[in-house]
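Notes follow once the structure below has been shown.
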Amino acid sequence: MAIHPIDFRYGTPEMRAVWSEENRFRAVVSAEVALAGAEAAHGMIPAEDAAQIADCAKNASLDRAKEIEAEINHDMMAIVKSVAEVCGPSGRWIHYGATSNDILDTATGIQLRETLDLLERKLINLLSVLLQRSAETKTLVCAGRTHGQIGVPTTYGLRFAIWASEVARHIDRLRELRPRVVVGQLTGAVGTQSALGPKAMEIQGTMMELLGLGTVDVSNQLISRDRYAEYIFFLANVATTLDKIGLEIRLMQRSETGELEEAFGEKQVGSSTMPHKRNPIKSEQVCGLARVVRAAVEPALQNNVLWDERDLTNSSCERVIFPEATILLDHIVQVMTGVLEGLRFNHENIRRNLMLLRGVNLAESVMIELTRCGMSRQEAHEHVRVASMQALAEGRDIASVLAENPAVTAFCPADEIARLLDPDAYIGTAVAQVDRVIEKLSPLCR
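Take full-length UniProt numbering: the last position of the sequence shown gets the number 446, and nothing is skipped along the way.
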């Protein structure tokens, strides 16, 4: 019976597979096989036994491991016994010289490698969509807003470019953290490798080479959890960017704003009681699940604070936060990519909102021009501020109010004021910035 929404509502099949119980079992078995292979390579166990283990371990069964665990109440030892059973006499060497977390943490390294490979591809796809949207809308002028109030114009292309730059930095972060988190260890009960003999460090290196993992320089019984905390924080950081995008879409889809709209299916239902509703439910889902991903940061940090060479408080916590945070982040990356691909623009409302304040939101451009023509910046600011307040109070165009002020028209005639209040002429370098971002980041998508 499914309990967690990951089981039936959220998550992609490919990321669920990475963190499935079956894949976890296979990763653990792979670590045991690599351990035997490394020990054989350095003369610690017979080569023929390592070959037998490699050949037979694939027949080990998760179900059988669970049967054994029910008897002995130790999950790692249950896997060891289940693998040993299918390896015949060679099974005597399974887990030789290792402690549980040598295998379990190394298996986590395998899962993290698979995870980061998947996430990198999906973030690159998200970046591609953002760059495409940025190119399509680089000249689509809209009202900029600060503090929720309409300000000087911007373009939708610039907004998409900002988000694209953020996603590109996440791709950089992913690549930078990969060598720190895709690692394994073979250091024994308290980190001294005492059970492995004088070639322990070489055996550890060979084991990780066989698995395609990095090797810790030093550890106690556990790989230090600062590595995993960095990984979880990366997930939270990406989730926050998606939350940021989703929030902007939701704000722009408000009825009174109406500039953007999520794609809405022909038979889609928006409300069980209000038939007219077209709600931004995908963006809301992204924003909601981002909160759950971010909630994993605190326990991930606490998992690095353990007694002496280790205790077990991290274990139960990680069984929850690793799959949950990872699967949900992967899910909302995919959801937001789809939202952006299907996003609709209401050009009429975009223009309406841009012109809503009848030029007041372009007061800055008049102030800048007055200063350029010789008025002090502070005096120009005050003249334009007073005119703005009057225009708002009287429901007038600011151009007509400014034209009545001889102190203003002495520096800037009425026809010039009208030109300065053209929003399409006051977007600065927005288009050039978008072009620069597209040129810089497009190679990441190839």
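Where is the CB? At the ideal position from N, CA and C, for every residue including glycine.
{"Item": "Proline 46, DSSP secondary structure in three states", "Value": "coil"}
{"Item": "Minimum C-alpha distance to threonine 206 - residue among Glu176, Ala31, Lys66", "Value": "Ala31"}
{"Item": "Secondary structure of proline 179, DSSP reduced to three states", "Value": "helix"}
{"Item": "Alpha-carbon spacing of proline 179 relative to aspartate 105, whole angstroms", "Value": "15 Å"}
{"Item": "Residue closest to asparagine 361, alpha-carbon to alpha-carbon, out of Met1, Phe345, Ile398", "Value": "Ile398"}
{"Item": "Whole-angstrom distance between glycine 342 and leucine 260, CA atom to CA atom", "Value": "11 Å"}
{"Item": "Range covered by the beta strand (DSSP E) that runs through glutamine 149", "Value": "149–155"}
{"Item": "Cross-strand partners of phenylalanine 345 (DSSP beta bridge)", "Value": "Leu260"}
{"Item": "Residue range of the alpha helix (DSSP H) that includes arginine 133", "Value": "100–136"}
{"Item": "Coil, strand or helix - arginine 145 by DSSP", "Value": "strand"}
{"Item": "Threonine 215 - partner residues in DSSP beta bridges", "Value": "Gly184"}
{"Item": "Cβ neighbours of alanine 38 in the same chain (closer than 7 Å, five flanking residues each side left out)", "Value": "Ile203, Thr206, Met207, Leu210"}
{"Item": "Local conformation of valine 190 per DSSP, three classes", "Value": "coil"}
{"Item": "Alpha-carbon to alpha-carbon, valine 33 and proline 46", "Value": "13 Å"}
{"Item": "Inter-residue Cα distance where the pair is arginine 310 and isoleucine 245", "Value": "40 Å"}
{"Item": "Start and end residues, alpha helix (DSSP H) containing asparagine 220", "Value": "It is not in any alpha helix (DSSP H) - asparagine 220 carries neither H nor E in the DSSP assignment."}
{"Item": "Reduced DSSP secondary structure (H/G/I, E/B, other) of histidine 276", "Value": "coil"}
{"Item": "The alpha helix (DSSP H) enclosing isoleucine 417, as first and last residue numbers", "Value": "414–420"}
{"Item": "C-beta atoms of leucine 329 and alanine 229 nearer than 8 Å", "Value": "no"}
{"Item": "contact_flag[the stretch 101–120, the stretch 136–151] where n(CB pairs < 8 Å) is 3 or more", "Value": "no"}
{"Item": "CB contact flag (valine 28, glutamine 111, <8 Å)", "Value": "no"}
{"Item": "Isoleucine 53 versus arginine 225: straight-line alpha-carbon distance, rounded", "Value": "31 Å"}
{"Item": "Test: glutamate 364 CB closer than 8 Å to a CB of chain B", "Value": "Absent from the structure is chain B; it holds one protein chain and no more."}
{"Item": "Beta-carbon proximity list for serine 388, same chain, < 7 Å, skipping 5 on both sides", "Value": "Val360, Ala363, Ile398"}
{"Item": "Asparagine 59 (DSSP reduced to helix, strand or coil)", "Value": "helix"}
{"Item": "Three-state secondary structure (DSSP) of alanine 36", "Value": "helix"}
{"Item": "Neighbour-count burial assignment, serine 61, 16 or more Cβ in a 10 Å radius", "Value": "exposed"}
{"Item": "Whole-number beta carbon distance between leucine 127 and leucine 444, since they are thought to touch under 8 Å", "Value": "6 Å"}
{"Item": "Between the CA atoms of valine 152 and glutamate 369 - distance to the nearest angstrom", "Value": "15 Å"}
{"Item": "Touching by the beta-carbon criterion (3+ pairs, under 8 Å), the stretch 288–307 and the stretch 319–337", "Value": "yes"}
{"Item": "Runs of beta strand (DSSP E) wholly within the stretch 325–380 (minimum 3 residues, chain order)", "Value": "none"}
{"Item": "Arginine 372 versus methionine 252: straight-line alpha-carbon distance, rounded", "Value": "35 Å"}
{"Item": "Beta-carbon proximity check, threonine 215 vs glutamate 166, cutoff 8 Å", "Value": "no"}
{"Item": "Cβ-based burial, glycine 157 [other Cβ within 10 Å; buried from 16]", "Value": "buried"}
{"Item": "Residue environment, glycine 184, which counts as buried when at least 16 other CB atoms sit within 10 Å", "Value": "buried"}
{"Item": "Whole-angstrom C-beta distance between histidine 383 and valine 408, which should lie under 8 Å", "Value": "6 Å"}
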